[in-house]
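Inspection log for the structure reproduced underneath, given as structure tokens.
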Amino acid sequence: MLKIAENVRLADKTSYRIGGAARCYAEPRSEAEVVEAYRFAAEKGMPLFVLGNGSNVLISDAGFGGLVVNLSKYFSALSWDKATAFVLSGFPLDDLAADAAERGCAGIECLSGIPGTVGGAVVMNAGAFDTDISKTLRSARVLKASTHTLETVPAKDLNFGYRTSALKGGGDAVLSVTFDFTYGDAARLKSLRDDVVARRRAKQPVDSPSCGSVFKRPPNGFAGTLVESCGLKGFRLGMAEVSEKHANFIINTGSAKAEDVRALIRRVQQAVFEKHGILLEPEVIFLGEFKEPLYKC
Ligand SMILES: Cc1cc2nc3c(=O)[nH]c(=O)nc-3n(C[C@H](O)[C@H](O)[C@H](O)COP(=O)(O)OP(=O)(O)OC[C@H]3O[C@@H](n4cnc5c(N)ncnc54)[C@H](O)[C@@H]3O)c2cc1C
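Heads up, the sequence shown is in the numbering used here, so the first residue is 798 and it goes up one at a time.
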């Protein structure tokens, strides 16, 4: 039977190390327990949020007045049939990339080092180095929030776009995923993987708490270049700071509040808009209530 805890601190469950508590919190161990969680939230009339590894979320200081369903703890397994991988959604994406390279399975090596779960990566259509996770996805097994029924949805019906999919923001849960990779040379794939991880370490503040890129890439440019051109590298509000290493990262330098990060996001949006006439769109997902609105032009 599903255990539901109350008043659980969420900061520890995110890469930002920021955020208040969830009113209710569950770590399901089976598909039946995920269904149970959705039924519980529906009966109580409370909102539900599915959390992966929390590497692309900013949770408000006041927390979340609903049920957080964390799939990263127990929903984590991987099996193979030749170049096809069957993965539970809480499995770490980087571990999948490592195992695929080891087996000589190509198609995911460029996503090495992204610190999310496979489920979170599918919802966000995580990507890097001109590719993304949708390219090798065959299908996702999904729990529909509206009916509490399970469906296997083929990739073509998931409306993948740049850092988005039909699953984003809809409340459905991705439970497992099937990928079709192609065969490649294991030594070459491992070397590509090492290169990708090294390039991340060289360019990104991977040792500081963050959510990765704060803003989506605008048309014809890079968010980091625009932010840097406004002289904002190193700019701070409270303990939130525009990274010196990569201007599209806002890092938590100690005990930053979610409101510090949010205010800094707004300040950056305003500066870039005033200088370039471009409104940067956040990639990070906000959870809970924020006092600071995003910038509107
Ligand atoms: C240092 C760093 C580097 C990063 N580099 C990249 C990069 O190169 N490319 C990139 O695309 N991203 C990058 N990210 C962002 C992040 O790692 C990805 O978006 C990742 O795919 C998010 O996965 P997650 O499990 O952490 O999702 P979470 O942050 O937990 O959740 C993100 C969203 O997905 C939803 N979600 C998560 N799991 C499920 C599920 N099983 N079912 C339904 N909804 C779910 C959540 O509700 C939320 O809306 C980076 C982040 C960091 C901290």
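For each residue, glycine too, the CB sits at the ideal point set by N, CA and C.
From a predicted model like this one, the values you see are computed outputs, not experimental measurements.
Separation of residue j from residue i, as counted between CA atoms
{"i": "T1022", "j": "F883", "result": "38 Å"}
{"i": "G764", "j": "N850", "result": "Within the shown structure, residues of the chain are numbered from 798 to 1094, placing residue 764 beyond reach of any answer."}
{"i": "I1062", "j": "G863", "result": "25 Å"}
{"i": "D858", "j": "A880", "result": "44 Å"}
{"i": "R1064", "j": "L1029", "result": "10 Å"}
{"i": "R1059", "j": "E1089", "result": "6 Å"}
{"i": "A1044", "j": "L893", "result": "29 Å"}
{"i": "P1079", "j": "K1000", "result": "20 Å"}
{"i": "F926", "j": "D992", "result": "11 Å"}
{"i": "D982", "j": "S827", "result": "36 Å"}
{"i": "G816", "j": "Y822", "result": "14 Å"}
{"i": "G1085", "j": "F1019", "result": "28 Å"}
{"i": "G1031", "j": "G842", "result": "43 Å"}
{"i": "N1017", "j": "K965", "result": "24 Å"}
{"i": "G1074", "j": "C1094", "result": "9 Å"}
{"i": "F1083", "j": "G901", "result": "37 Å"}
{"i": "E906", "j": "K800", "result": "36 Å"}
{"i": "P844", "j": "A838", "result": "7 Å"}
{"i": "N867", "j": "L986", "result": "31 Å"}
Own chain, CB closer than 8 Å to residue i, minus 5 neighbours either side, in chain order
{"i": "A829", "result": "none"}
{"i": "T961", "result": "M921, N922"}
{"i": "K1042", "result": "K1000, Q1001, P1002"}
Other residues of its chain near residue i: CB distance less than 7 Å, five sequence neighbours each side excluded
{"i": "K870", "result": "E824, G887"}
{"i": "A818", "result": "N804, V805, R806, L807, G860"}
{"i": "R814", "result": "A808, P1006, N1049"}
{"i": "V950", "result": "S936, A937, V939"}
{"i": "R836", "result": "H945"}
{"i": "G1035", "result": "A1053, K1054, D1057"}
{"i": "Q1067", "result": "Y1092"}
{"i": "V1003", "result": "R997"}
{"i": "I930", "result": "L908, A918, V919, N922, A923, G924"}
{"i": "L934", "result": "V919, A952, V974, F976"}
{"i": "D969", "result": "V939, L940, K941, A942"}
{"i": "V1024", "result": "V1039, A1044, N1045, V1065, V1069"}
{"i": "C1027", "result": "A1068, V1069, K1072"}
For residue i: DSSP bridge partner residues
{"i": "Y980", "result": "C902"}
{"i": "V950", "result": "A937"}
{"i": "F1012", "result": "P1079"}
{"i": "R806", "result": "A818"}
{"i": "I911", "result": "DSSP output for I911 lists no bridge partner at all."}
{"i": "L1034", "result": "A1037"}
{"i": "G1021", "result": "G1021 is not bridged to any residue."}
{"i": "I1048", "result": "E1038"}
{"i": "P1002", "result": "DSSP, once it has assigned bridges, lists no residue as partnering P1002."}
Same chain, Cβ closer than 6 Å to residue i, five either side skipped, listed in chain order
{"i": "A963", "result": "L955, N956"}
{"i": "F1087", "result": "S857, R1059"}
Check whether the stretch 872-888 and the stretch 915-931 touch, using three or more Cβ-Cβ pairs below 8 Å as the test.
yes
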